[in-house]
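Peer 1: My structure is below; once you've seen it, I'll send some questions.
There are 2 protein chains.
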Amino acid sequence: MHRFAVIGLGRFGSRLAANLAASGHEVIGIDRDTALIEELRDRVTLAISLDATDEQALIAQGVDKVDTAIVGIGNNFEAIALTTVVLKQLGVPRVISRAVTPTSAKILAKIGADEVVNPEDESADRWANSLITPQFRNHLELDPQHSIVEIQTPDDWRGKNLIELNLRVEYNIHVVAIKRRKPDQPEHVPPSVMIPDPTSALRENDILVLMGADKDLAKTV
Amino acid sequence: MHRFAVIGLGRFGSRLAANLAASGHEVIGIDRDTALIEELRDRVTLAISLDATDEQALIAQGVDKVDTAIVGIGNNFEAIALTTVVLKQLGVPRVISRAVTPTSAKILAKIGADEVVNPEDESADRWANSLITPQFRNHLELDPQHSIVEIQTPDDWRGKNLIELNLRVEYNIHVVAIKRRKPDQPEHVPPSVMIPDPTSALRENDILVLMGADKDLAKTV
Ligand SMILES: Nc1ncnc2c1ncn2[C@@H]1O[C@H](COP(=O)(O)OP(=O)(O)OP(=O)(O)O)[C@@H](O)[C@H]1O
Ligand SMILES: Nc1ncnc2c1ncn2[C@@H]1O[C@H](COP(=O)(O)OP(=O)(O)OP(=O)(O)O)[C@@H](O)[C@H]1O
Numbered sequence: 001m002h003r004f005a006v007i008g009l010g011r012f013g014s015r016l017a018a019n020l021a022a023s024g025h026e027v028i029g030i031d032r033d034t035a036l037i038e039e040l041r042d043r044v045t046l047a048i049s050l051d052a053t054d055e056q057a058l059i060a061q062g063v064d065k066v067d068t069a070i071v072g073i074g075n076n077f078e079a080i081a082l083t084t085v086v087l088k089q090l091g092v093p094r095v096i097s098r099a100v101t102p103t104s105a106k107i108l109a110k111i112g113a114d115e116v117v118n119p120e121d122e123s124a125d126r127w128a129n130s131l132i133t134p135q136f137r138n139h140l141e142l143d144p145q146h147s148i149v150e151i152q153t154p155d156d157w158r159g160k161n162l163i164e165l166n167l168r169v170e171y172n173i174h175v176v177a178i179k180r181r182k183p184d185q186p187e188h189v190p191p192s193v194m195i196p197d198p199t200s201a202l203r204e205n206d207i208l209v210l211m212g213a214d215k216d217l218a219k220t221v
Numbered sequence: 001m002h003r004f005a006v007i008g009l010g011r012f013g014s015r016l017a018a019n020l021a022a023s024g025h026e027v028i029g030i031d032r033d034t035a036l037i038e039e040l041r042d043r044v045t046l047a048i049s050l051d052a053t054d055e056q057a058l059i060a061q062g063v064d065k066v067d068t069a070i071v072g073i074g075n076n077f078e079a080i081a082l083t084t085v086v087l088k089q090l091g092v093p094r095v096i097s098r099a100v101t102p103t104s105a106k107i108l109a110k111i112g113a114d115e116v117v118n119p120e121d122e123s124a125d126r127w128a129n130s131l132i133t134p135q136f137r138n139h140l141e142l143d144p145q146h147s148i149v150e151i152q153t154p155d156d157w158r159g160k161n162l163i164e165l166n167l168r169v170e171y172n173i174h175v176v177a178i179k180r181r182k183p184d185q186p187e188h189v190p191p192s193v194m195i196p197d198p199t200s201a202l203r204e205n206d207i208l209v210l211m212g213a214d215k216d217l218a219k220t221v
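Residue numbers (our numbering), protein chains in the order written: chain A, 1 to 221; chain B, 1 to 221.
Dropping the structure here:
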């Protein structure tokens, strides 16, 4: 069972703290804003109002004993940086600190952050990818040049089966799974995930889970 | 070629606008803060300082002609809501609006938003998952009960091949790919993605890309 501290309970920090606690882990939530502490009190193990840059206050609350600390302060780089340094000095094994710019990310890494998190940029990157390639309904990056993606069955693949389509030779891609609706399945139930049967003809609403090089996957849309 | 408008150029909006423009799409960036407009001017097609709730100003700048508008304003629900209504009235086909809470998400959907985005919550959810199950180094959700995940080769699987491990029968999971380092590959180069050879023994540093039901995948760690 892992012990966490989340310091800075804005939108990112409070959501993270509540999620971690909801999955059964011990979570200390820290913020100098007492209203936020009251709001989060029932959803974490311990919620304390204090200034995160106050080393003695952190020790008094056992923050030095956690396994992982996440600094979710947003608008005050000095506070993020100082809190990061203090946490590492207190011996916290893993400190994840919020970086709002690439420069602050570099600085935080240099002063001890084990990882950096930038919630707005990470979300913007994902949304940009889904807007740039809307045909990829889902995406896992295997490496910078290979992915697993989900696509709707292209019109000219409908009615053909995987043996006829010969995707490995034609496109150098693999069909990892097919999501197909069963005949009388209600709309709100997600389609069933199936291992592809190479002899079964693809249907209009099938969702294909494909794996391959990004340049090859791009040719399917 | 898709035409976008990004309204509200804070951390999320400016990153999204710059990413979309960098991939070759036409992007109109809008914010009432002239300093932000200056900062983004070279990285988007058109950057305009105006108040997004001003319908006439939006029409004058051609915002009514875009395919997709993203409202990235954060701290002012009234402005997000009003801008959303105005954009739909102007006939913008797809409007993605920022919701900071579940309640605002419901309201925005009711008043016309085609989708909602909540950058801090989306990022917090991803980070929580990776902190709760650190053994899953990557994750794609196929549906609420099935996933594709990456794991380090478990110790007791090392030296065995996939035929011996018989994962389909033992765990009801499939190995979709294996990431393996080549003997003299430098550290900074990612391991190569390979289709699994069922007769090849798994090695200590192999990363296995597995697919199955979440409850079955959980048994591998
Ligand atoms: N020195 C500090 N000690 C404790 N808490 C702090 C300190 N400085 C800032 N905080 C808290 O960190 C929280 C998040 O920081 P802030 O609101 O500046 O960033 P934000 O980018 O708006 O956050 P979010 O995007 O997650 O809502 C706030 O609730 C604030 O009270
Ligand atoms: N009516 C409006 N018209 C145009 N721009 C607006 C309007 N209201 C707010 N904005 C702009 O939206 C941008 C983002 O909003 P805000 O800073 O309130 O949210 P935030 O949550 O801090 O954003 P982020 O997390 O993306 O940095 C700001 O740059 C602000 O100037």
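All residues carry an ideal CB built from backbone N, CA and C; glycine is no exception. Source: prediction; values computed, not measured.
Roughly how many angstroms lie between the CA atoms of B:A109 and B:E122, to the nearest whole one?
Peer 2: 17 Å
Peer 1: Figure out for me which residue from A:M1, A:F4, A:I7 and A:G13 has the closest Cα to the Cα of B:D125.
Peer 2: A:G13
Peer 1: Name the residues in the region 2-20 of chain B whose C-beta lies less than 9 Å from a C-beta of chain A; which are they?
Peer 2: H2, F4, G10, R11, F12, G13, S14, R15, L16, A17, A18, N19 and L20
Peer 1: Please list, in chain order, the chain B residues whose beta carbon lies closer than 8 Å to that of A:S23.
Peer 2: A128 and I132
Peer 1: Where B:H174 and B:A213 are concerned, what is the direct C-alpha to C-alpha distance, given to the nearest angstrom?
Peer 2: 10 Å
Peer 1: Which residues of chain B have a Cβ atom closer than 7 Å to the Cβ of A:D143, listed in chain order?
Peer 2: Residues of chain B with a Cβ closer than 7 Å to the Cβ of A:D143 are, in chain order, P190 and V193.
Peer 1: Mind checking A:V189: buried by the 16 CB within 10 Å criterion, or exposed?
Peer 2: exposed
Peer 1: Mind listing the chain B neighbours of A:S104? Cutoff is C-beta to C-beta under 9 Å, in chain order.
Peer 2: Simply none; closest approach about 12 Å.
Peer 1: Starting from A:I37, trace the beta strand (DSSP E) in both directions and tell me its first and last residue.
Peer 2: Counting along the chain, A:I37 sits inside no beta strand (DSSP E); it lies in the alpha helix (DSSP H) bounded by residues T34 to L40.
Peer 1: Would you please verify whether the beta carbon of A:T199 is less than 8 Å from any beta carbon of chain B?
Peer 2: no
Peer 1: Cα separation between A:D33 and A:I73?
Peer 2: 12 Å
Peer 1: Is there a Cβ from chain A that is less than 8 Å from the Cβ of B:D121?
Peer 2: yes
Peer 1: Please determine whether the Cβ atom of A:N172 lies at a distance below 7 Å from any heavy atom of ligand 1.
Peer 2: no
Peer 1: Which bits of chain B does A:I30 rub up against, with CB to CB less than 8 Å?
Peer 2: Residues of chain B passing the Cβ test: none, with the nearest at roughly 16 Å.
Peer 1: Residues in its own chain within less than 6 Å of B:G29 by CB, not counting five upstream and five downstream?
Peer 2: If we look at B:G29 and ignore the five residues flanking it on each side, its Cβ neighbours are V6, L9, A17, L40, V44 and A47.
Peer 1: With 8 Å as the threshold, decide whether the Cβ of B:I148 is near any Cβ in chain A.
Peer 2: Interface residue (Cβ-Cβ distance to chain A less than 8 Å): B:I148 is classified as such.
Peer 1: Strictly below 8 Å CB to CB, what residues from chain B border A:L140?
Peer 2: N138, H139, L140 and I148
Peer 1: Can you grab the Cα-Cα spacing for the pair B:W127 / A:A79, in whole Å?
Peer 2: 21 Å
Peer 1: For B:A177 and chain A, any beta-carbon pair shorter than 8 Å?
Peer 2: yes
Peer 1: Going by C-alpha to C-alpha distance, which of A:D31, A:E150, A:L210 and A:R3 sits closest to A:H25?
Peer 2: A:R3
Peer 1: Quick one: any contact between the region 161-176 of chain A and the region 159-169 of chain B, if contact means 3 or more CB pairs under 8 Å?
Peer 2: no
Peer 1: Is there a C-beta anywhere in chain A that falls below 8 Å from the one on B:T83?
Peer 2: no
Peer 1: Starting from B:V209, trace the alpha helix (DSSP H) in both directions and tell me its first and last residue.
Peer 2: That residue, B:V209, is in no alpha helix (DSSP H); its beta strand (DSSP E) goes I207 to A213.
Peer 1: For the region 47-71 of chain B, list every residue whose C-beta sits within 8 Å of some C-beta in chain A, in sequence order.
Peer 2: Contact residues of the region 47-71 of chain B toward chain A are T68 and I70 (C-beta to C-beta distance below 8 Å).
Peer 1: Taking the DSSP output, what are the residues bridged to A:D143?
Peer 2: A:H146
Peer 1: Between which two residues does the beta strand (DSSP E) containing A:D31 stretch?
Peer 2: Segment E26 to D31, the beta strand (DSSP E) holding A:D31.
Peer 1: Whose C-alpha, out of A:Q89, A:V66, A:A218 and A:T199, is nearest the C-alpha of A:T133?
Peer 2: Minimum Cα distance to A:T133 is reached at A:A218.
Peer 1: Name the DSSP beta bridge partners of B:N46, please?
Peer 2: Note on identity: in this sequence residue 46 of chain B is Leu, with Asn being the wrong assignment. Answer is B:I28.
Peer 1: Compare the beta carbon distance of A:V100 and B:R11 with 8 Å and say whether it is the shorter of the two.
Peer 2: A contact, by the Cβ cut-off of 8 Å.
Peer 1: On the premise that B:T153 lies in contact with B:L208, defined as a C-beta separation below 8 Å, what is that separation, rounded to the nearest angstrom?
Peer 2: 6 Å
Peer 1: Could you have a look at A:P138 and say whether DSSP puts it in helix, strand or coil?
Peer 2: It is worth fixing the name first, because residue 138 of chain A is Asn in this sequence and not Pro. DSSP places A:N138 in strand when its eight states are reduced to three.
Peer 1: Any heavy atom of ligand 2 inside 7 Å of the beta-carbon of B:F12?
Peer 2: yes
Peer 1: State buried or exposed for A:R168, treating a residue as buried only when at least 16 other CB atoms are found within 10 Å of its CB.
Peer 2: Its Cβ having fewer than 16 others within 10 Å, A:R168 is exposed.
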